[in-house]
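Participant: Sharing a structure here in structure tokens format.
Protein chains in written order, with the numbering used here: chain A, 1 to 209; chain B, 1 to 209.
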């Protein structure tokens, strides 16, 4: 599969090589490919860097790995029409320090904002409930844990589900509508406090039923 | 311990007898004890019913088991000064149907609203993250799961922690400030969607770290 990862922060740095290890053809989208190529974390990789405008041209699946505060702006330059967009971002607002608050919640979500901005995209929310290292390696935790997938398009959800399965996720709980992203994003206020309390981001919930 | 349970809905109906089975001296607070005594669910019990004004007089611990939409109004009639108040409620707003939204969130919580209305109470948030049957019987789930305690007063947290332990809770994660209730209450938007998705309220999260 041809995957375009948008965003060159810690999430993009973790997801892009992980998808390539799975055998996918991965390109990375960044505002200024020349500037990104000079950054220490990217200088040592041969992952192709592309401008936002070019990155999604041939992609089967696009991943929003930008920070939630800049996602709408960054994606505005990406052609998402007809593409599956896996949104792993969170609408965290750190402007008042830690713990962050949410810029959107309860009656709306960042995933839905992205969907409205790109009506022809097939947005799927997933992976936003765990730290990047766990996203790509659920086995690093001591037990199997649970991951969620929410989206309106069944085939788009299935594409994402397959990708999660390839990453090692077994307990995948699927929501058939994108507005379930409200619940997934509103898990973050507890998640960030647990991170502070536990002193690590290496944790996740296991749904026991 | 003398425990006053405020609220006669399904949560109060579950918590009050469970606390008595543990050997505690339990009274139940209701707006109109005479009317409540005639309701089918209460006619068959000998749990003492008291008005809000009288229920907390001798209590060591008061439990807010009222609906989140009426909690502030109900508790306004209860003398909570110096008492440990265990708040198990959630600020759910069902006025637009299912799934509910939250009446307070992100930068505030129902627990903090209650604390501000009763500055001399020692408010502790706990148990709001699971359905009533699981609150009092965590062993009904197939595996040990996790419960949370948040409050500013260390001794009040310890009282609640002991009570949870007596109910069978083992994995108790404690937050040292009441504002962590924001995270605990914001778990509900995911919880209610999981309930809809799984077709049962008999579930909980197990924190894997």
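Glycine included, each C-beta is placed from N, C-alpha and C at the ideal position. Keep in mind the model is a prediction, meaning the values are calculated, not measured.
Do the region 82-91 of chain B and the region 157-164 of chain B touch if we need at least three Cβ pairs shorter than 8 Å?
Facilitator: Counting Cβ pairs under 8 Å, three or more are found: they touch.
Participant: Closest Cβ-Cβ distance between residue 54/B and chain A: below 8 Å?
Facilitator: Residue numbering aside, residue 54/B sits at position 54 when the second chain is read from its first letter. No, its Cβ sits nowhere closer than 8 Å to a Cβ of chain A.
Participant: Just checking my contact of residue 204/B with residue 145/B at CB under 8 Å: how many whole Å lie between their CB atoms?
Facilitator: Position 204 of the second chain, counted from the start, is the residue given in the question as residue 204/B. Position 145 of the second chain, counted from the start, is the residue given in the question as residue 145/B. Going by Cβ atoms, the distance from residue 204/B to residue 145/B rounds to 4 Å, so yes, they are a contact pair.
Participant: Which complete beta strand (DSSP E) runs does the region 121-158 of chain B hold, if anything under 3 residues is left out?
Facilitator: DSSP runs (the beta strand (DSSP E)) wholly in the region 121-158 of chain B: 122-126 and 146-151.
Participant: Return helix, strand or coil for residue 14/A, following the three-state DSSP convention.
Facilitator: As a working note, residue 14/A is residue 14 in the first chain. Helix.
Participant: Per DSSP, what kind of secondary structure is residue 29/B in: helix, strand or coil?
Facilitator: Counting from one through the second chain, the residue named residue 29/B turns up at place 29. It is a strand residue.
Participant: Please go through the same chain and pick out, in chain order, the residues whose beta-carbon is closer than 6 Å to the beta-carbon of residue 109/A, but skip the five residues on each side of it.
Facilitator: To locate residue 109/A, count along the first chain from 1; it is residue 109. Correct list, in chain order: 181, 182 and 185.
Participant: With a threshold of 8 Å between beta-carbons, can residue 203/B be considered close to chain A, or not?
Facilitator: Position 203 of the second chain, counting from 1, holds the residue named residue 203/B. Yes, residue 203/B counts as interfacial toward chain A.
Participant: Check whether chain B comes within 8 Å of residue 143/A, counting only Cβ atoms and requiring the distance to be less than that.
Facilitator: Reading the first chain from its first residue, position 143 is the one you call residue 143/A. Closer than 8 Å: yes.
Participant: Have a look at 192/B, 91/B, 30/B and 178/B and flag the residue whose alpha-carbon is nearest the alpha-carbon of residue 112/B.
Facilitator: Position 112 of the second chain, counted from the start, is the residue given in the question as residue 112/B. Taking only the C-alpha atoms, the option nearest residue 112/B is 178/B.
Participant: Quick check on residue 98/B: does DSSP put it in helix, strand or coil?
Facilitator: One-based indexing of the second chain puts residue 98/B at position 98. Note: residue 98/B maps to coil in three-state DSSP.
Participant: Secondary structure at residue 117/B, three-state DSSP: helix, strand or coil?
Facilitator: Residue 117/B sits at position 117 when you count from the first residue of the second chain. Residue state, collapsed to three classes: helix.
Participant: Please state the DSSP three-state secondary structure of residue 65/B.
Facilitator: Within the second chain, residue 65/B is the residue found at index 65, counting from 1. Of the three classes helix, strand and coil, the one that applies to residue 65/B here is coil, per DSSP.
Participant: Counting contacts by CB-CB distance shorter than 8 Å, is residue 78/A in contact with chain B?
Facilitator: The residue labelled residue 78/A in the question sits at position 78 within the first chain. Residue 78/A does not count as touching chain B.
Participant: My output table needs one value for residue 182/A: the three-state DSSP class, helix, strand or coil.
Facilitator: Sequence index remark: in the first chain, residue 182/A carries index 182 (1-based). Correct three-state label for residue 182/A: helix.
Participant: With a threshold of 8 Å, are at least 3 pairs of Cβ atoms found where one atom belongs to the region 53-67 of chain B and the other to the region 14-29 of chain B?
Facilitator: Yes: the two stretches touch, three or more of their Cβ pairs being nearer than 8 Å.
Participant: Give, in chain order, every residue of the region 97-129 of chain B whose Cβ lies closer than 7 Å to some Cβ of chain A.
Facilitator: Result list: 101, 102, 105, 106 and 107.
Participant: Do the CB positions of residue 149/B and residue 124/B come within less than 8 Å of each other?
Facilitator: As a working note, residue 149/B is residue 149 in the second chain. As a working note, residue 124/B is residue 124 in the second chain. Contact: yes.
Participant: Would DSSP call residue 43/B helix, strand or coil?
Facilitator: As a working note, residue 43/B is residue 43 in the second chain. The answer is helix: DSSP assigns residue 43/B an H, G or I state.
Participant: With DSSP as the reference, please indicate the residues paired to residue 174/B in a beta bridge.
Facilitator: Indexing the second chain from 1 puts residue 174/B at position 174. DSSP, once it has assigned bridges, lists 149/B as partnering residue 174/B.
Participant: How would you write the range of the beta strand (DSSP E) that residue 51/A sits in, first residue to last?
Facilitator: Numbered from 1 along the first chain, position 51 holds the residue referred to as residue 51/A. Here the beta strand (DSSP E) through residue 51/A covers 49-51.
Participant: Who are the near neighbours of residue 14/B in its chain, counting only those whose CB is closer than 8 Å to its CB and skipping five residues on each side?
Facilitator: Taking the second chain and counting its residues from 1, the one referred to as residue 14/B is at position 14. Excluding sequence neighbours, residue 14/B sits near 132, 133, 135 and 136.
Participant: Would you call the CB atoms of residue 188/A and residue 90/A closer than 8 Å?
Facilitator: Counted from its first residue, the first chain places residue 188/A at position 188. Counted from its first residue, the first chain places residue 90/A at position 90. Yes.
Participant: With distances taken Cα to Cα, identify the nearest neighbour of residue 126/A among 64/A, 8/A, 80/A and 69/A.
Facilitator: By 1-based counting over the first chain, the position of residue 126/A is 126. Of 64/A, 8/A, 80/A and 69/A, the residue nearest in Cα terms is 64/A.
Participant: Note the first and the last residue of the continuous alpha helix (DSSP H) segment covering residue 78/A.
Facilitator: Walking along the first chain from the start, residue 78/A turns up at place 78. Segment: none, residue 78/A is in no alpha helix (DSSP H) and carries neither H nor E.
Participant: Is the CB of residue 94/A under 8 Å away from at least one CB in chain B?
Facilitator: Residue 94/A sits at position 94 when you count from the first residue of the first chain. No - not a single Cβ of chain B is within 8 Å of the one on residue 94/A.
Participant: Would a check of beta-carbon distances place residue 183/A closer than 8 Å to chain B?
Facilitator: As a first step, residue 183/A is located in the first chain; it is residue number 183 there, counting from the start. Yes - at least one Cβ of chain B is within 8 Å of the one on residue 183/A.
Participant: If you draw a straight line from the C-alpha of residue 16/A to the C-alpha of residue 62/B, how long is it?
Facilitator: As a position in the first chain, residue 16/A is number 16, starting the count at 1. As a position in the second chain, residue 62/B is number 62, starting the count at 1. Distance between the alpha carbons of residue 16/A and residue 62/B: 52 Å.
Participant: As a quick exercise: from 192/B, 171/B, 120/B and 1/B, pick the residue whose alpha carbon is nearest that of residue 79/B.
Facilitator: Locating residue 79/B in the second chain gives position 79, where the first residue counts as 1. Among 192/B, 171/B, 120/B and 1/B, the Cα nearest to that of residue 79/B belongs to 120/B.
Participant: Would you report the Cα separation of residue 49/B and residue 37/B, rounded to the nearest angstrom?
Facilitator: Along the second chain, one-based indexing puts residue 49/B at 49. Along the second chain, one-based indexing puts residue 37/B at 37. Going by the C-alpha atoms only, they are around 7 Å apart.
Participant: Using only CA atoms, which one of 192/A, 59/A and 92/A lies nearest to residue 71/A?
Facilitator: Counted from its first residue, the first chain places residue 71/A at position 71. For the residues 192/A, 59/A and 92/A, the minimum Cα distance to residue 71/A belongs to 92/A.
Participant: Residue 75/A and residue 118/A: beta carbons closer than 8 Å?
Facilitator: Against the first chain, residue 75/A aligns to sequence position 75. Against the first chain, residue 118/A aligns to sequence position 118. Yes, these two residues count as a Cβ contact at 8 Å.
Participant: Distance cutoff 8 Å, beta carbons only. Does residue 64/A sit that close to anything in chain B?
Facilitator: For the purposes of this step, residue 64/A is taken as the residue at position 64 of the first chain. By this cut-off, residue 64/A is not an interface position.
Participant: Under 8 Å, Cβ to Cβ, is there at least one residue of chain B near residue 19/A?
Facilitator: Reading the first chain from its first residue, position 19 is the one you call residue 19/A. Closer than 8 Å: no.
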